[in-house]
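S.K.: Our numbering numbers the first residue of the sequence shown as 6 and each following residue consecutively.
Below is a structure I'd like to ask you about.
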Amino acid sequence: MKTLPYIAISLAIVALFSAACTSTNPSNPSNLRVRKSVTRMTTEEKADFVSAVKALKTVPSPYDPTLNYYDQFVKWHYLAFFCDAGTVGGDGMFPAHMNPGFLPWHRVYLDLFERALRDVSGKDVTIPYWDWTDPSAQQVLFSDELVGGDGDPSQGYAVTSGPFQKDAWIITVSDEVDIDSVFFDHNTSPNVVPYLTRRIGKNLNADALLPTSAEILGSLSIPTYDSAPWDSSVDTTISFRNSLEGWRGTAGNECDPNGVMDVISIPGERGSTQHNIVHVYVGGIWRAPDGNIYAGSMCQATSPNDPVFWIHHANIDRIWSGWMKRHGKNYASGGEMMSGLNEVLMPWDFRMDGLNTPAAVMDESVLGYQYDELP
Ligand SMILES: [Cu+2]
Numbered sequence: 006m007k008t009l010p011y012i013a014i015s016l017a018i019v020a021l022f023s024a025a026c027t028s029t030n031p032s033n034p035s036n037l038r039v040r041k042s043v044t045r046m047t048t049e050e051k052a053d054f055v056s057a058v059k060a061l062k063t064v065p066s067p068y069d070p071t072l073n074y075y076d077q078f079v080k081w082h083y084l085a086f087f088c089d090a091g092t093v094g095g096d097g098m099f100p101a102h103m104n105p106g107f108l109p110w111h112r113v114y115l116d117l118f119e120r121a122l123r124d125v126s127g128k129d130v131t132i133p134y135w136d137w138t139d140p141s142a143q144q145v146l147f148s149d150e151l152v153g154g155d156g157d158p159s160q161g162y163a164v165t166s167g168p169f170q171k172d173a174w175i176i177t178v179s180d181e182v183d184i185d186s187v188f189f190d191h192n193t194s195p196n197v198v199p200y201l202t203r204r205i206g207k208n209l210n211a212d213a214l215l216p217t218s219a220e221i222l223g224s225l226s227i228p229t230y231d232s233a234p235w236d237s238s239v240d241t242t243i244s245f246r247n248s249l250e251g252w253r254g255t256a257g258n259e260c261d262p263n264g265v266m267d268v269i270s271i272p273g274e275r276g277s278t279q280h281n282i283v284h285v286y287v288g289g290i291w292r293a294p295d296g297n298i299y300a301g302s303m304c305q306a307t308s309p310n311d312p313v314f315w316i317h318h319a320n321i322d323r324i325w326s327g328w329m330k331r332h333g334k335n336y337a338s339g340g341e342m343m344s345g346l347n348e349v350l351m352p353w354d355f356r357m358d359g360l361n362t363p364a365a366v367m368d369e370s371v372l373g374y375q376y377d378e379l380p
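Dropping the structure here:
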């Protein structure tokens, strides 16, 4: 495997706006779409969201005729999961995790998805968010009106309820690489099955627990956006980004020799909280009777196969906005990754409106949306 060409990005800590100017565009607030908590959606809004998501599976991607529009998004995320931009097809894909670009990359990604939902449905659909600290949100989210429930143990934890159940929601883009096997003595199956799997709350040797309010407030109190060495090993007391992304205790293991990131948390081996642990919470990790360790759809690099992904990441994005409300629109980057303030986050270079760099998307109102409530 080639190594990523070293791109030195000098430290850039830029205060774009003062903390006083962090509210959404006051001159025209009514034009902003509102992303709401799943608990505040009407029955009709839930139905519109679900049918728009499902409609994306039925139309071709405008970017790649071999994919449907939904699976285009899955494919982008999969490619963005490699540390080494030269690993997959040499297409220079930006590594969208474990670096300062994590938050702006996913902000642009969600925005493109939300635009696709509106285009395909002709309706003013927005992505709702899942406040993990609200138990009623979990009930609403995993109901048949939204994403359906837990997997069925008798069917390999296939999701068999709701609009995205087995046979009604077909997965075509799957992980091809075993993410964990390089570092660990176990083998996590890429789980190549054409349906969603979930084993909610199951981590290999313990329960996976959702983030607490105290943990989120702790992240929100961190004054610096990110710090050297700008990856998953940075001390989380000086990196809001890494604290929220959820890496803990990964020093020295930021990327494996195959250039694949490891999102999976095994207690005692690698800690994981917040963004990461919610992926684990929904997908689950378990040892099957065949001895292999399996990870549910949300634990894969192709995690956007599970529509929970969008609702989870809207909450990540909302917490980022909540952090900027407190600390100003500050951004800091460095290291090898292409995550500089004014660097185009790949592959979003096709965006002709220029909303594809960290600087351009710091204020979500520029993208035309706001949250109904910030933490
Ligand atoms: Cu991601």
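Quick reminder that beta carbons are idealized off the backbone N, C-alpha and C, glycines included.
1. Looking at the unbroken beta strand (DSSP E) that takes in W291, where does it start and where does it end?
2. How many angstroms separate the CA atom of G94 from the CA atom of A219?
3. Between which residues of its own chain and A52 is the CB-CB distance below 6 Å, once the five residues before and five after are set aside?
4. Taking the continuous alpha helix (DSSP H) assigned at G223, which residues delimit it?
5. Which residues in the same chain as T241 place their Cβ atom closer than 6 Å to its Cβ, once the five residues preceding and following it in sequence are excluded?
6. By the three-class DSSP mapping on this structure, what secondary structure does R38 have?
7. Scan the stretch 54-95 and note each continuous alpha helix (DSSP H) run of 4 residues or more that stays entirely inside, going in chain order.
8. Using the beta-carbon count (16 or more within 10 Å), is V287 buried or exposed?
9. Please identify the residue among N281, Y134, L215 whose C-alpha is closest to the C-alpha of G206.
10. Tell me the DSSP secondary structure of I282 in three-state form.
11. Enumerate in chain order the residues of its own chain whose CB-to-CB distance from V371 is below 6 Å, with the five nearest sequence positions on each side excluded.
12. In chain order, what residues of the same chain have a beta carbon less than 7 Å from the beta carbon of K59, not counting five sequence neighbours either side?
13. Take P109 and list the residues in its own chain whose beta-carbon comes closer than 7 Å to its own, dropping the five residues that flank it on each side.
14. Grouping DSSP H, G and I as helix and E and B as strand, with all else coil, what is N361?
15. Got a sec: does ligand 1 put a non-hydrogen atom nearer than 8 Å to the Cβ of H102?
16. Decide yes or no for the touch test of the stretch 56-76 against the stretch 297-305: beta carbon pairs closer than 8 Å, at least 3 of them.
17. Look up D212 in the DSSP assignment and give the residues it is bridged to.
M.R.: Result, derived from the coordinates:
1. Looking at the DSSP string, the run of the beta strand (DSSP E) that includes W291 is 290-292.
2. Residue placement at G94 cannot be trusted, given a pLDDT of 37 that sits under 50; what the coordinates show is reported in the next sentence. If you draw a straight line from the Cα of G94 to the Cα of A219, it is about 42 Å long.
3. Same-chain partners within the cutoff: there are none.
4. In the DSSP assignment, G223 falls within the alpha helix (DSSP H) that extends over 218-225.
5. N247, S248, listed in sequence order.
6. In the structure shown, R38 sits in a strand (DSSP, three-state: E or B).
7. Whole alpha helix (DSSP H) segments, 4+ residues: 74-84.
8. In summary, V287 is buried, with 16 or more beta-carbon neighbours lying within 10 Å of its beta-carbon over all protein chains present.
9. Of N281, Y134, L215, the residue nearest in Cα terms is L215.
10. Here I282 sits in helix by DSSP.
11. Excluding positions up to five away in sequence, the list is empty.
12. Excluding sequence neighbours, K59 sits near P168.
13. These residues qualify, in order along the chain: L350, P363, V366.
14. Here N361 carries a coil assignment [DSSP, helix/strand/coil].
15. Flag set: Cβ of H102 near ligand 1.
16. Judged by Cβ distances under 8 Å, the stretch 56-76 makes no contact with the stretch 297-305, as fewer than three pairs qualify.
17. Partner(s): K207.
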